[in-house]
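Contents: one structure, followed by commentary.
2 protein chains.
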Amino acid sequence: MRAKEELPECPVATAVSLIGGKWKLLILRNLKERPWRFNDIDGISQKVLIDSLRQMMSDGLAYRHDYHEQPPRVEYGLTELGTKMLPIVNSLADFGNYYKSIIEQN
Amino acid sequence: MRAKEELPECPVATAVSLIGGKWKLLILRNLKERPWRFNDIDGISQKVLIDSLRQMMSDGLAYRHDYHEQPPRVEYGLTELGTKMLPIVNSLADFGNYYKSIIEQN
DNA sequence: CGGAATCCATTTTGATACTG
DNA sequence: CAGTATCAAAATGGATTCCG
């Protein structure tokens, strides 16, 4: 979790600081569907994926569970706090669909 | 407006492609309040501001009105399509407020 | 498999000075 | 005031190699 002092005053800016960056919203979209195993996201590289996940974990939005198996198996998912972000994903999806429908009319 | 072919299939990815980047959501937050004149946004530089606004205009989300006065006066605002993004800003604000309230409890 | 660690290229962002 | 132009700095992205 962030320290209070690091957060902007504006709530929108606070949220942006948590899910900004090129990929976090898409990661969120995937985590929403199901806790999931490494790999399998669009065109994101391993480095960027793991970096993003670690930030989300340190912000209290995602968790990681290691099954301690061989071969390795881990699982990522949203914490309860993380699930509170789902309305953001939904409003993005709504707008995306609307935008696409407008585009297609023309 | 974007061409259909440039848009990702996923609606979330579509929305992210429109409001991604470090500043667009904050610009959207400001445009929401009122059509407004240049300058006066947090710590954003003129260059980034104008670059972002131009992208938003070319995507059909924002408009620019030039009053053709001396000294120059222009006004930026959201198009009707742009206002359809406001639920995104609202969900961000809701989450931001929630996150801050959690932080303060600890 | 699920990473970690490097190294580097590209993209974004930002600071400053200048113009009509 | 509302921008341009230029350049520097920083964030981000990606490829590759290595490890338990």
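For the protein sequence lines, the chains are A and B, in the order given. For the first sequence, this note's numbering gives the first residue as 1, with consecutive numbering after it. For the second sequence, this note's numbering gives the first residue as 1001, with consecutive numbering after it. All C-beta atoms, glycine included, are put in the ideal place defined by N, C-alpha and C.
Roughly how many angstroms separate the alpha carbons of A:Gly21 and A:His68, rounded to a whole number? Stepping through the first sequence from its first residue, residue 21 of chain A is reached at position 21. Stepping through the first sequence from its first residue, residue 68 of chain A is reached at position 68. Each residue's alpha carbon lies about 31 Å from the other.
Residues of chain B with CB under 8 Å from A:Ser58, in chain order? For this step, residue 58 of chain A is matched to residue 58 along the first sequence. Contact of A:Ser58 with chain B by beta-carbon distance below 8 Å is absent, the smallest such distance being about 13 Å.
Against A:Val12, what residues of chain B qualify as contacts under a CB-to-CB distance less than 8 Å, listed in chain order? Here residue 12 of chain A refers to the residue found at position 12 of the first sequence. Under a criterion of Cβ atoms nearer than 8 Å, the residues of chain B adjacent to A:Val12 are, in order, Leu1025, Leu1026, Arg1029, Val1089, Leu1092, Ala1093 and Gly1096.
Do you know how far the Cα of B:Leu1028 is from the Cα of B:Arg1064? Along the second sequence, one-based indexing puts residue 1064 of chain B at 64. Along the second sequence, one-based indexing puts residue 1028 of chain B at 28. Going from the Cα of B:Arg1064 to the Cα of B:Leu1028 covers about 14 Å.
As assigned by DSSP and simplified to three states, the class of A:Gly82: Position 82 of the first sequence holds residue 82 of chain A. Residue state, collapsed to three classes: helix.
DSSP beta-bridge partners of A:Tyr63: For this step, residue 63 of chain A is matched to residue 63 along the first sequence. In DSSP, A:Tyr63 forms a bridge with A:Gly77.
Checking 8 Å against the spacing of the C-beta atoms, do A:Thr79 and A:Leu92 come in under that value? Along the first sequence, one-based indexing puts residue 79 of chain A at 79. Along the first sequence, one-based indexing puts residue 92 of chain A at 92. No, the Cβ-Cβ distance between A:Thr79 and A:Leu92 is not below 8 Å.
Just to confirm the assignment, what range does the alpha helix (DSSP H) spanning B:Lys1024 have? For the purposes of this step, residue 1024 of chain B is taken as residue 24 along the second sequence, with counting starting at 1. Note, B:Lys1024: alpha helix (DSSP H), Lys1024 to Glu1033.
The region 83 to 101 of chain A in contact with the region 1004 to 1020 of chain B per 3-pair CB rule at 8 Å: yes
So, does the CB of B:Leu1078 fall closer than 8 Å to a CB anywhere in chain A? Taking the second sequence and counting its residues from 1, one reaches residue 1078 of chain B at position 78. So no, B:Leu1078 is outside the interface.
Do you know how far the Cα of A:Val16 is from the Cα of B:Leu1025? Working through the second sequence from its first residue, we reach residue 1025 of chain B at position 25. Working through the first sequence from its first residue, we reach residue 16 of chain A at position 16. Distance from the CA of B:Leu1025 to the CA of A:Val16, rounded to the nearest whole angstrom, comes to 8 Å.
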